[in-house]
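Residue numbers (our numbering): 568 to 704. Glycine included, C-beta positions come from ideal geometry on N, C-alpha and C. For clarity, every value in this text was computed on a predicted model and none was experimentally measured. Here's the structure we're looking at; comments come further down.
And the structure:
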């Protein structure tokens with residue numbers, strides 16, 4: 568039985584990259600930095616690394632990244648995602664979300680193999696409590 572569902576054998580790696588992309592989009596900071604970090608998390612992949620029906624979403628993400636690229640010189644470029652239209656930025660978010668959800672669903676469909684990915688324990692780190700210094704009287 569083939570339980571890869573078109574993810575190219577690296578389901579976990581793609582899930583981690585998509586989790587990173589989602590966290591970066593939802594994080595704090597400048598819009599251009601958040602979108603740059605989110606799309607960069609997927610930049611090492613190719614369309615063949617995704618199921619065929621999801622490839623248009625991946626291609627739109629990479630096309631938005633290409634469109635936002637501003638070359639300063641031959642050694643340096645930055646990504647001006649704030650120059651994209653609001654509709655284009657919404658499409659990037661929708662496409663990353665769709666890829667992430669599909670990856671989660673397909674991991675669930677082939678569950679016993681991916682049992683080690685199930686979240687365990689505290690998902691947020693416990694706060695560090697500091698001791699207060701006693702005032703000298």
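Helix, strand or coil for residue i? Go by DSSP, reduced to three states.
i: residue 636; result: strand
i: residue 645; result: strand
i: residue 606; result: helix
i: residue 664; result: helix
i: residue 695; result: coil
i: residue 617; result: coil
i: residue 700; result: coil
i: residue 580; result: helix
i: residue 654; result: helix
i: residue 586; result: helix
Between residue i and residue j, which are expected to be in contact by the criterion C-beta below 8 Å, what is the C-beta distance as a whole number of angstroms?
i: residue 578; j: residue 670; result: 7 Å
i: residue 605; j: residue 591; result: 4 Å
i: residue 617; j: residue 607; result: So it is not a contact: roughly 17 Å between Cβ atoms.
Pull up the distance between the alpha-carbon of residue i and that of residue j, whole angstroms please.
i: residue 638; j: residue 573; result: 34 Å
i: residue 598; j: residue 634; result: 15 Å
i: residue 575; j: residue 601; result: 27 Å
i: residue 568; j: residue 654; result: With a pLDDT of only 43 at residue 568, under the threshold of 50, the placement of this residue in the model should not be trusted; the figure read from the coordinates follows. Each residue's alpha carbon lies about 41 Å from the other.
i: residue 657; j: residue 649; result: 12 Å
i: residue 693; j: residue 580; result: 27 Å
i: residue 696; j: residue 622; result: 47 Å
i: residue 651; j: residue 631; result: 8 Å
i: residue 698; j: residue 603; result: 40 Å
i: residue 596; j: residue 640; result: 25 Å
Cβ of residue i within 7 Å of any heavy atom in the ligand NAD?
i: residue 645; result: Annotation note on the ligand NAD: not contained in the displayed structure, which lists no ligands.
Any contact between the segment 581–588 and the segment 660–673? By contact I mean 3 or more CB pairs, one from each, below 8 Å.
A contact exists between the segment 581–588 and the segment 660–673.
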